[in-house]
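Under this note's numbering, residues 377 to 521 are what the sequence shown spells out, in order. Glycine included, C-beta positions come from ideal geometry on N, C-alpha and C. Please read the structure below before turning to the comments.
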Amino acid sequence: MKATVRGVSTVLTYLGALPFWLLVLPVILQVGAASQLFAAYGSIIAAFMAGALWGGAQASASGLGIIVLSNVLALASFASVLIGSPALGLSIQMALYLVLLACDFSLLSDRADLRWYLRLRSRVTALVVLSYVVVLIHAGFNISR
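Okay, here's the thing in structure tokens:
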């Protein structure tokens with residue numbers, strides 16, 4: 377992979393995590409619709425990442441399982457914003473990010489040329505999951521819609 381593609385991928389990955397952290401304080405302070413924005417953004421990004429698994433699974437030995445799982449994960453992401461309990465919905469999204477990371481490792485762990493990507497995904501997933509933990513703890517699991 378060319379260095380420019382790697383660099384752009386890295387920047388875009390971190391930029392994708394930024395809105396989670398930009399919304400943490402407004403969610404904690406219960407400002408406007410911040411909790412809905414946090415949940416909506418989380419759902420969109422998780423569904424996007426689940427869809428990205430589809431392409432990666434095409435050339436993988438475990439491709440069929442990942443293809444099916446990618447659809448299940450995308451639907452779970454959508455369902456997470458429909459659940460009546462915002463805390464449960466956010467908890468589901470948080471779990472989805474961990475499952476998505478595990479799927480990437482399943483697909484790419486044997487690719488030496490993509491180790492940098494797995495390290496990047498691990499770091500950014502940790503940042504995103506931490507934002508969910510902060511929101512859930514500081515909002516007392518009583519986030520209102």
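Where residue i and residue j are concerned, what is the direct C-alpha to C-alpha distance, given to the nearest angstrom?
| i | j | result |
| --- | --- | --- |
| L472 | A450 | 9 Å |
| G431 | Y493 | 16 Å |
| R521 | V509 | Interpretation of R521 is limited by its pLDDT of 46, a score under 50 that renders its predicted location unreliable; no figure is taken from the coordinates. |
| S507 | T380 | 29 Å |
| F481 | Y390 | 19 Å |
| F454 | N447 | 11 Å |
| R382 | A422 | 21 Å |
| L490 | L440 | 21 Å |
| A410 | V403 | 5 Å |
| A426 | L503 | 18 Å |
| S456 | A488 | 35 Å |
| S467 | D486 | 30 Å |
My assumption, with CB atoms under 8 Å, is that residue i sits in contact with residue j. Please give the rounded CB distance.
| i | j | result |
| --- | --- | --- |
| A428 | I442 | No, A428 and I442 are not in contact; Cβ-Cβ is about 11 Å, not under 8 Å. |
| V505 | L474 | 7 Å |
Which residue from the options puts its Cα closest to that of residue i?
| i | options | result |
| --- | --- | --- |
| V511 | G392, I421, L401, G383 | L401 |
| S419 | V407, S385, G392, G408 | G392 |
| L464 | N447, A515, Q406 | A515 |
Tell me whether residue i sits in a helix, a strand or coil according to DSSP, three-state version.
| i | result |
| --- | --- |
| L474 | helix |
| R521 | For R521, the pLDDT reaches just 46, beneath the cut-off of 50, and the residue's location in the model is therefore unreliable, although a value from the coordinates is still provided. If DSSP states are grouped into helix, strand and coil, R521 belongs with coil. |
| R497 | helix |
| D480 | helix |
| Q406 | coil |
| A530 | In this structure the chain extends from 377 to 521, so residue 530 is not present and cannot be described. |
| A435 | coil |
| G460 | coil |
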